[in-house]
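Letter by letter, the sequence shown follows residues 287 to 443 in this note's numbering. Ideal Cβ placement from N, Cα and C applies to all residues, glycine included. Bear in mind that the values here come from a model prediction, so they are computed numbers and not experimental data.
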Amino acid sequence: MINRTAERILGIISLILLTLSVVGTALIAFFWNMASTDPTFMEEFRMEIVNEGVLNTDEVDMFMSFMGSFSTVIWVLVAVAFIGLVLNIIGLVKVWNNKSPKTAGILFIIAGLLGGILSLPSILLYIAAILCFTKKPPMAPGPSSDEYVSTQSNWMS
């Protein structure tokens with residue numbers, strides 16, 4: 287039996303960090319969506335931008351349409367990160383049972399890619415995946431050299 291404590295700890299830490307990032311991104315998406323669908327807020331925001339004089343009216347209209355479509359992008363990111371979170375949980379279950387560490391390693395890599403390619407939780411998941419792939423079970427003791435010699439047939443005699 288191989289000790290998989292390091293993979294478990296890295297998976298749990300990344301699970302906590304991914305959960306915080308999914309919840310935080312969902313809150314941002316919720317407030318962004320709420321603000322972008324409120325017509326009074328959008329009109330006040332538009333008037334503030336126009337009053338500053340940095341952008342003309344066409345540029346402000348283009349920015350406002352971008353702001354409305356950006357909430358969809360944030361929700362897609364939340365959904366993708368949530369899928370990564372679920373794959374992280376499944377990988378943890380596979381490592382915890384120590385039945386299929388290679389499958390857990392693949393799940394950790396996919397969860398790391400979905401959770402943000404170079405974020406801290408993803409890096410921890412990549413390390414856990416490498417550990418899942420590189421730790422090998424101890425080899426069963428084979429016959430000793432004396433036993434091997436005694437069981438060989440002497441075909442030359």
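Just curious, the alpha helix (DSSP H) that residue i is in, first and last residue?
i      : result
Leu399 : 387–400
Leu304 : 291–323
Leu417 : 406–420
Met353 : 343–383
Which same chain residues end up closer than 8 Å to residue i when comparing Cβ atoms and leaving out the 5 residues on each side of it in sequence?
i      : result
Leu371 : Leu301, Leu304, Thr305, Val308, Ala397, Gly401
Restricting to Cα atoms, I'd like to know which of the options is closest to residue i.
i      : options                        : result
Ala367 : Thr291, Gly310, Thr326, Leu378 : Gly310
Ile299 : Ile403, Pro387, Asn374, Gly391 : Asn374
I need the straight-line Cα distance from residue i to residue j, nearest angstrom please.
i      : j      : result
Phe352 : Phe394 : 34 Å
Ala292 : Leu406 : 16 Å
Ser408 : Gly354 : 29 Å
Ser386 : Leu363 : 29 Å
Met348 : Asn383 : 53 Å
Glu329 : Val359 : 22 Å
Leu404 : Ser357 : 23 Å
Thr326 : Asn342 : 20 Å
Gly297 : Leu378 : 6 Å
Leu410 : Ala315 : 26 Å
Leu399 : Glu334 : 39 Å
Ile413 : Arg294 : 11 Å
To which residues of the same chain is residue i closer than 7 Å at the C-beta, ignoring the five residues directly before and after it?
i      : result
Ile376 : Leu393
Glu312 : The sequence as given places Ala at residue 312; Glu does not occur at that position. Around Ala312: Val364.
Gly391 : Ala415, Cys418, Phe419
Arg332 : Val346, Met350
Val336 : Thr343, Val346
For residue i, collect the residues of the same chain with a Cβ closer than 6 Å to its Cβ; drop the 5 residues on either side in sequence, then sort them by chain order.
i      : result
Pro423 : Ile288
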